[in-house]
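Working notes, structure below.
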Amino acid sequence: MAYEPVLTKFVKEPNCYTLDFYKAKDLGYEALRKAVTTMQPNDVIEMVKASGLRGRGGAGFPTGLKWQFVLKDTPKPKYICCNADESEPGTFKDHLLMERNPHLLIEGCAIGCYAIGAKVAYIYIRGEFYHVQKVLEQQIEEAYRAGFLGKNIFGSGFDCDVFVHRGAGAYEAGEETALIESLEGKRAQPRIKPPFPAVSGLYNCPSAVNNVETLANVPLIISKGVEWFTSLGPEKNNGPKLYCVSGHVKNPGVFEATMDVSLKELILGDQYAGGMKDGRTLKAVIPGGSSTPVLLPDQIDIPASFDAVAKAGSMLGSAAIMAVDDTTCMVWLAKNLLAFYRHESCGKCTPCREGADWLLKLLTRIEAGEGQMKDIDLLLDVSKNIGGKTLCPFGDAEIAPVLSTIKHFRHEYEAHVREGCCTIPAPWRGTRAPALAGHH
Amino acid sequence: METVTLTIDGQSLTVEKGKTVLQAAIEAGITLPYYCYHPGIGVDGSCRVCVVKVEKMPKLQTSCSTTCTEGMVVSTRDKDVVEARAAVFEFLLLNHPLDCPVCDKGGECPLQDFSYSFGPAESRMDFPRRVFDGEGVKADVDFGPTLMLNRNRCILCTRCIRFMREVEGDAQISVADRGNGSEIATFEDEGVHSLMSGNLMDVCPVGAITTRDYRFKSRPWDNPSVADTICTFCSKGCSTSEWIKAKPEWARGSSLVRVTPSYNPDVNGYWMCDIGRFGYHWVEGDRRLRQPMLRTTAGTLEPAGWSDVLHALRAKVAPLAAAEASSVKVLASAHASVEEFFVLKKLAEGALGGVNAVSVLWSRSEKKQPKATTFVVPVTDAPNVNGARDLGFAVGAGNGGAADVSALRAAVEAGKVKALLVVDPAPAELTGDFQWVIDARAKGMLPLLVVQAVEMCPLVAQADIVLAGAAWLEKDALFTNDQGRVQAASQVLSAPGDARPDWQILIDVAAAFGVSLGYLSDADIRKAIAAAMPGTPYASVADVAFSRPVAAKHWLQASNPSERWKWDFMFQDLPPVKGHSVQTEQGFVEGRVIPLKPVG
C-alpha cells in the first residue's frame, strides 16, 4: 500500500509555499473555514481527541487532551505557542514544513486558537532559522490579506493573530516552559511545574505549547476526518509522520510515512535513506534525536512508532533517526554529544549545570586515552545522579548518550583505557569535534 | 485556618493549607538543607538539595515546591533521598573553591554546614576547578560601592537576583552566559547600586557576596556576642542584630563590628536598608563626647565633671527660668527616646511654663528607591516623632512631613530666648539644621547655649555647657515608630568615658531647675509613663524586657535572617535565642521581636 504524503506532498514544487499554491492544490484554509463556521471550539477539541493525534515534538502527549486541559473559566487571555525551536540534534522536519508548507502550520495555529479560545498564536522559531522566519512572516502577511487571519475570520466573529518570534539560539528554549520564558523576554530557562502551561503559561495565562508538525496535522484532521487519520498507522500511533534520517546513509532527508514503517526500512529502504554510504555496515541507531538511547542494528526491525520504539528501550522523540556506521567510535560519539549538551545546559539547576561539564571532561579524557577504568563507572554514577533529578528533562537527555553507549559498547570504552588511544579513529573525523569549538 | 495533615519521617504534622513540605519540615524541626529557597523571596526549585521522597510520586520532589496535601507521606531519610542529596552536594562542591579558611562566610556558611551534614565525605572530581576572574583573592571583584563579588564561590542559587527583582524592585543582577559558564553579573559590570544592597550578603548562602564594611574584619568565632535591638536611623524602626567582636585580651572589652537585620514580620520582614546597616561607625568613632564640658572664662571648651556642669546649670540657667519661664527653651531632637521626652515634659511643665517650651526637630530626606520596591525606607530620619507626639509635644507635620521649629527660631533670632537647651542623642547631621542656632550665637542673640549631645559638631563647639549623652545602643529606651508601634532598643554597649544615658542627665537637669522627679532608673520612668498614660500602648511599658547580648554559639544564629528563623524552630532544646518578645494586653509593646511564628 503506497502511502500518499499529505504534509510534504508538494514540497519539491516551485512556489509550493505561497498562498495561491496552497489554495489551488492543498487545503486552502477550508479546514479553518469548516472549524469556525460549522463547529464549536469544543467540537474541534473532541475531534482532535478522537483522532488520537500525539504531539510530534518528542513526548508524544495526546494533543486533544492538552487542549482540553487549557483552563476555560478565566477572564485571562489564552495563547497557542507553537514550538518551532527545533533544536534537537538530527531533527529538521519542522524546518521543511515551515519553509515549504507554511500555510498548513498557519492554518493549524488558527484552528488551535479557535479550539482553546485563544486569539493569539506565537510561533517561537529557532534563532538560526532566519530564512524560514522570512518565509513565514511573508506568508502570514498573505494570510492576513486574504482574511484568513485578523478580525472576524470567515464572518464568524473569530479573531486570530499569528506572530513569529525568533529565539536567540538555545536548545533549552525547546522545553515548553523555557520557551514561554523566552517568549516573555527572559532567559530561556525552565519553570518549575506545576503550574503547567495549560493553567499558567505565557504571561501567566492558560497556554498550549504545540510542535509545528502537531499543529500542521490539525487542519488535515478537520478536513479529512477522524476516520482517515486513524486509518493511518498502528493503533494509538496514528496519522502521517515525518522522519528525519541522517548520519552515514546514502540519502539523508525528511521522509513522510505512517508509523507502521519500520526503523530498518527508513534507514535501509531504497525509497527512504537508501542504506549505508560507501558500502559500510550499520553499527548503531539513535532513533529519536540525540537525547534518545542508542539501538543496535538487531533492534531496529520495529515500527517507527512512539510505542514500539519505547518498547525497544528508546524513544521516538522527534523522529530524528541517526544511523551510525562501523567507522564510528562510540566514545567519540558520546563525547561529541556531551559537548553539545554541556554547551546548551541552561545552568539553572545544579545536577545538569555541574554534571554535564563533568561528564564531558570524563569523556574527553577517556576518548583521548588518558582515562582509567574507574572513570567509566564514574560516568555511570554521575549520570545516575543527574537522571530524574533535574528541573526539566534536559538532565535525562544529556545522560542518554552516555548510558546507552556504555551499555552497548562498554568494550570500546575499555579499549580506550587499555590502549591509551582511540581505537576507531575514522578518517572523516576532524582532530577536534566542531561542537567543541565553543567549549572553554 | 484550614489545615492538612501529612507525615514526614513518620511524624504526623498538621500544617496550614498551602504550606510547602519544606516549610512544614522546618517548622517541625526536621532538618532539610536548602539554598535557592528563602522565606522572603519565594521558590525557585533550582538548587535541588531539598529533595524528598513523596509516596506515590515516581520521582524525588523538591520539598520547596511541593505543597502539602492531606495524607501525604514524605521521607527525608529514604536511601534514594540521602543519595540524591549527597550527589547534589558533590555537584555543588565540584567547582566551589573551598577557600573556607580565608572566606568571610567560613564558620557561618550554610554550604559548609550542610555539606558536612549531608554531603559525601570526599569528592571524586579530579579536574581543575572552574575559575572566574582569577584564583584566590583575585577573584574578589567590585560589585558596586558597598559590595564585593567572588564568582568562584557562587553556587548560582539566584537568591540575589530574585531579591533585587522581588524586594528591591530594580533587577540589577542577572546571570550572564549559561550552563557551566553561568555567572552572576550586573550590566556592564557596574555593580549593585541600591539602598538595600547589604541584604545581598545576608541572602547569599556562600561567601560570594560580601560587604566592603565587614569583609576581612572579623570571623564568626571572634564575635562572641550578639544583641538584638532596633535601628533608630529613621521612623521605620527595623529589628536588628548587633554583632560584637571581642577585643584582644590585653585591650579588654568589645566593639561593634556588624549590624544585620533580624526577622520581624510586622516591621521589616527579613531586611534592612544600608543606612542602618553601615551607619553604625559613629557610635565608636573619634568624635564621640566622652565627658561633659564647660566654656571657660577664656572662651574655650574644657572637660569638666558632672557636678561642675550641673552646678553651672543651677547657677546660670535655672535663675533665668525662675525669673521668666518663657526665656528658657528646649530644642529636642526626635532621636530622643520616649523616656527622655517624658522627663523633658516634666521639666517643661515644672519649670518652663508647659510643653510648648519644647520644640521637636528632625531631618527629612527623600530616599532614592525604585518605584517597584516592596521595602520603602521612610523620609523621616528620626525614630521617635510619634513618641513625642503621643506625649503631647507639637511635632509639626509629623512622620512623613517636616518638623516645625519656626516659632522657636523667630524667638531666638529676636533675642527673646535667654537660654536654649538642645537635646540631641544622635550625630547632628542626622537631626537636621542647627545652623540658625549657631548663627544666632555668633550674632550674640542667644546668651546661653546648653547642648546635650553625643558627637563633637559645630553646634557643640558653640555651647556654653556640654552634656555628654549616650547613643541608642548605649541605653535601654523606647521609640515609637511610624506605625505607632512602641519598640524597645536595648543597651548593647556602654557609653564611652563619663558619658551618661540621656534620661539620667535629664533627671539631673530637671533637678537643677528645681524639678525633683525621684526616678532612680529608666525603669522608674517607664513606670511613671505607664501610670500617666492608661488606655494607650504605653500603659504596659513598665513590663518591657530588654534583651542583652548573648553568645552566638552556632551559625544558625548568624547574620542571615532566614537562618535565624530556622534556629528558632530547630534547636528549641538549646538555650533560648537572644531576646524575647513581651506580649502585653494591648499587644503592642515589644521587648525584642523574635519571631515565634515563621513567615506564612
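From first to last, the protein sequence lines stand for chains Y and G. Residue 171 in our numbering sits at position 171 of the first sequence; the count goes up by one each step and never skips. To convert a position in the second sequence, counted from 1, into our numbering, add 1000. Where is the CB? At the ideal position from N, CA and C, for every residue including glycine.
Using 10 angstroms around the beta-carbon of residue i, count the other beta-carbons present and answer buried if the total reaches 16, otherwise exposed.
i                      : result
residue 112 (chain Y)  : buried
residue 1062 (chain G) : buried
residue 413 (chain Y)  : buried
residue 1572 (chain G) : Because the pLDDT of residue 1572 (chain G) is 39, which lies under 50, any placement of that residue in the model is unreliable, and the number read from its coordinates should be weighed accordingly. Exposed.
residue 1011 (chain G) : exposed
residue 1568 (chain G) : Summary for residue 1568 (chain G): the model assigns pLDDT 45, below 50, so the residue's position carries little reliability; its value from the coordinates is reported in the next sentence. The residue is buried, with at least 16 neighbouring Cβ atoms inside 10 Å.
residue 421 (chain Y)  : exposed
residue 1479 (chain G) : buried
residue 166 (chain Y)  : buried
residue 139 (chain Y)  : buried
residue 1462 (chain G) : buried
Are any of the Cβ atoms in chain G nearer than 8 Å to that of residue i?
i                     : result
residue 391 (chain Y) : yes
residue 192 (chain Y) : yes
residue 388 (chain Y) : yes
residue 385 (chain Y) : yes
residue 345 (chain Y) : yes
residue 380 (chain Y) : no
residue 126 (chain Y) : no
residue 187 (chain Y) : yes
residue 420 (chain Y) : no
Under 9 Å between beta-carbons, which chain Y residues line up against residue i? List them in chain order, please.
i                      : result
residue 1095 (chain G) : 354 and 357
residue 1047 (chain G) : 349 and 350
residue 1059 (chain G) : 388 and 389
residue 1330 (chain G) : Within chain Y, no residue comes near residue 1330 (chain G); the closest Cβ sits about 57 Å away, beyond 9 Å.
Kindly list, in the order they appear in chain Y, the residues whose Cβ is closer than 7 Å to that of residue i.
i                      : result
residue 1111 (chain G) : Result: empty, since nearest Cβ-Cβ is about 12 Å, beyond 7 Å.
residue 1098 (chain G) : Chain Y residues near residue 1098 (chain G): none, gap ~15 Å exceeds 7 Å.
Between residue i and residue j, how many whole angstroms is the CB-CB distance? I'm expecting something under 8 Å.
i                      : j                      : result
residue 207 (chain Y)  : residue 197 (chain Y)  : 5 Å
residue 1335 (chain G) : residue 1430 (chain G) : 7 Å
residue 1488 (chain G) : residue 1474 (chain G) : That pair is no contact at about 14 Å.
residue 417 (chain Y)  : residue 371 (chain Y)  : 5 Å
With 8 Å set as the bound, which would you pick, yes or no: does the beta-carbon of residue i sit closer than that to a beta-carbon of chain Y?
i                      : result
residue 1084 (chain G) : yes
residue 1165 (chain G) : no
residue 1019 (chain G) : no
residue 1065 (chain G) : yes
residue 1421 (chain G) : no
residue 1078 (chain G) : no
residue 1566 (chain G) : Low local confidence applies: a pLDDT of 48 at residue 1566 (chain G) is under 50, so the model's placement there is unreliable, with the coordinate-based value given in what follows. Chain Y, which has no Cβ nearer than 8 Å to the Cβ of residue 1566 (chain G), makes this no.
residue 1602 (chain G) : Residue 1602 (chain G) lies beyond the residue range present for chain G, which begins at 1001 and ends at 1600; the question has no answer from this structure.
residue 1087 (chain G) : yes
residue 1091 (chain G) : yes
residue 1124 (chain G) : yes
residue 1203 (chain G) : no
residue 1175 (chain G) : yes
residue 1032 (chain G) : no
residue 1043 (chain G) : yes
residue 1493 (chain G) : no
residue 1156 (chain G) : yes
Give me the chain G residues within the contact set of residue i, using Cβ-Cβ distance strictly less than 9 Å, ordered along the chain.
i                     : result
residue 176 (chain Y) : Result: empty, since nearest Cβ-Cβ is about 16 Å, beyond 9 Å.
residue 100 (chain Y) : Residues of chain G passing the Cβ test: none, with the nearest at roughly 32 Å.
residue 166 (chain Y) : In chain order: nothing, as chain G lies at least about 18 Å away.
Taking residue i as the query, report the chain G residues whose CB atoms sit under 8 Å from its CB, ordered along the chain.
i                     : result
residue 342 (chain Y) : 1179 and 1180
Give me the chain G residues within the contact set of residue i, using Cβ-Cβ distance strictly less than 7 Å, ordered along the chain.
i                     : result
residue 361 (chain Y) : 1127
Under 8 Å Cβ-Cβ, which residues of chain B neighbour residue i?
i                      : result
residue 1051 (chain G) : Going by chain labels, chain B is absent from the structure shown, which instead holds the protein chains Y and G.
Since residue i meets chain Y, which of its residues come closer than 8 Å, beta carbon to beta carbon?
i                      : result
residue 1006 (chain G) : Near residue 1006 (chain G) there are no residues of chain Y at all, since even the closest Cβ is about 18 Å away, more than 8 Å.
* For the region 310-386 of chain Y, which segments carrying the beta strand (DSSP E) assignment without a break, of at least 3 residues, lie completely within its bounds, in sequence order? -> If you keep only unbroken beta strand (DSSP E) runs of at least 3 residues inside the region 310-386 of chain Y, you get 320-325.
* To do: Please specify which runs of the alpha helix (DSSP H), each continuous and at least 4 residues long, are wholly inside the region 1424-1468 of chain G, giving them in chain order.
  => 1428-1431, 1435-1442 and 1458-1461
* Counting only runs that start and end within the region 50-100 of chain Y, where is the alpha helix (DSSP H) found for 4 or more residues in a row? -> 63-69 and 93-100
* Asked: Along the chain, which unbroken stretches of the beta strand (DSSP E) at least 3 residues long are found entirely within the region 1065-1131 of chain G?
  -> Counting whole runs of 3 or more residues, the region 1065-1131 of chain G contains the beta strand (DSSP E) stretches 1073-1075.
* To do: Would you list, in sequence order, the uninterrupted alpha helix (DSSP H) runs of no fewer than 4 residues that lie entirely inside the region 142-210 of chain Y?
  => 176-183
* Asked: Fully enclosed by the region 1277-1351 of chain G, which beta strand (DSSP E) runs are 3 residues long or longer?
  -> Correct list: 1293-1295, 1301-1303 and 1328-1333.
* Which ranges would you report for the beta strand (DSSP E) in the region 238-281 of chain Y if only whole runs of at least 3 residues count? -> 240-247 and 253-258
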